[in-house]
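First the structure, in the form of structure tokens, and then the observations on it.
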Amino acid sequence: MNERLPVTERRTVGAARVGIGGPVGSGKTALVEHLIPRAIARGIDLVVITNDLVTKEDAERLQRSGLIDPTRVVAVETGACPHTAIREDPTLNMQAADKLQEQFPAAELVLIESGGDNLASSFSLDLVDYWLFVIDVAGGDDIPRKRGPGLLRCDLLVVNKVDLAPYVDVNLDRMLEEARQVRGGRPVIATNLRGAVGVEEVADAISAAVLFRV
Ligand SMILES: Nc1nc2c(ncn2[C@@H]2O[C@H](COP(=O)(O)OP(=O)(O)OP(=O)(O)O)[C@@H](O)[C@H]2O)c(=O)[nH]1
Ligand SMILES: [Mg+2]
Numbered sequence: 129m130n131e132r133l134p135v136t137e138r139r140t141v142g143a144a145r146v147g148i149g150g151p152v153g154s155g156k157t158a159l160v161e162h163l164i165p166r167a168i169a170r171g172i173d174l175v176v177i178t179n180d181l182v183t184k185e186d187a188e189r190l191q192r193s194g195l196i197d198p199t200r201v202v203a204v205e206t207g208a209c210p211h212t213a214i215r216e217d218p219t220l221n222m223q224a225a226d227k228l229q230e231q232f233p234a235a236e237l238v239l240i241e242s243g244g245d246n247l248a249s250s251f252s253l254d255l256v257d258y259w260l261f262v263i264d265v266a267g268g269d270d271i272p273r274k275r276g277p278g279l280l281r282c283d284l285l286v287v288n289k290v291d292l293a294p295y296v297d298v299n300l301d302r303m304l305e306e307a308r309q310v311r312g313g314r315p316v317i318a319t320n321l322r323g324a325v326g327v328e329e330v331a332d333a334i335s336a337a338v339l340f341r342v
């Protein structure tokens, strides 16, 4: 029913939409895997969209995980640079979210994982209400200094794989400090998704920002 409206008017009221972007392999799906049980434990009704280039790999991983009803997870195959489908023309993702919301009218939260991209990728605010950017320490501690738009503009920066810092010669304190500096003090959370470090904090931040629950 929404298809004929201009993209910017297609947003149905209801669930909050939260984007999770970031470079290839930084830990976006791992974060979703940690957020799902926390959302469920908090009584938050959620659905998930994943984006991959030409497969449904991440959606299938979540559907197999046993963490969530598999029908609550859908895949968007972007077929091109992932940022196109979350920024330039987010129609496919908007339609997927609208469809999930029709199917699950009580849904309060739609998590949208972008396909792995580069430091310039960002979400259109026509698509999401709030977005996270996930980088990892193995990418190097100079990443914050390089000031990619994704890292600068996101609502919440997640610096993942902090467990790997000693193995890749990363000065974690300096990396986090520089990340906070370039972001003008806006939120940065360090995580280790192998050990679930920092995940409650991420869940709290999302919950407070888009569901107004603290
Ligand atoms: N050591 C360590 N490994 C991690 C951590 N988080 C994720 N990984 C590993 O990093 C790899 C990539 O994780 P994913 O969650 O698939 O990353 P992604 O960002 O979803 O990847 P794409 O969707 O392909 O861009 C996997 O092998 C994870 O097990 C972490 O905090 N520490
Ligand atoms: Mg992924």
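So the mapping is simple: the working numbering equals the position in the sequence shown, first residue as 1, plus 128. C-beta: ideal position from N, C-alpha, C; glycine also.
C-alpha gap between Thr136 and Asp254, whole angstroms: In this predicted model, Thr136 has a pLDDT of only 46, less than 50, meaning its place in the structure is not dependable; the value taken from the coordinates is given anyway. Looking at the two C-alpha atoms, the distance is approximately 6 Å.
Inter-residue Cα distance where the pair is Arg138 and Asp301: Unreliable placement is indicated for Arg138, whose pLDDT of 44 sits below 50; the coordinate value is still reported in the next sentence. Answer to the nearest angstrom: the Cα atoms are 43 Å apart.
Inter-residue CB distance, Thr199 and Asp186 (contact presumed, cutoff 8 Å): Not quite, the Cβ-Cβ distance comes to about 16 Å (not below 8 Å), so this is no contact.
Secondary structure of Leu159, DSSP reduced to three states: helix
DSSP bridge partner residues for Val176 (one or two, in chain order): Val201, Leu239
Asp257 CB to nearest heavy atom of ligand 1 below 7 Å: no
Segment contact flag, the stretch 281-295 with the stretch 306-320, C-beta cutoff 8 Å, min 3 pairs: yes
Inter-residue Cα distance where the pair is Asp297 and Pro272: 16 Å
C-alpha distance - Val146 paired with Leu239, whole-angstrom precision: 5 Å
Burial state of Lys274 (16 or more Cβ within 10 Å): exposed
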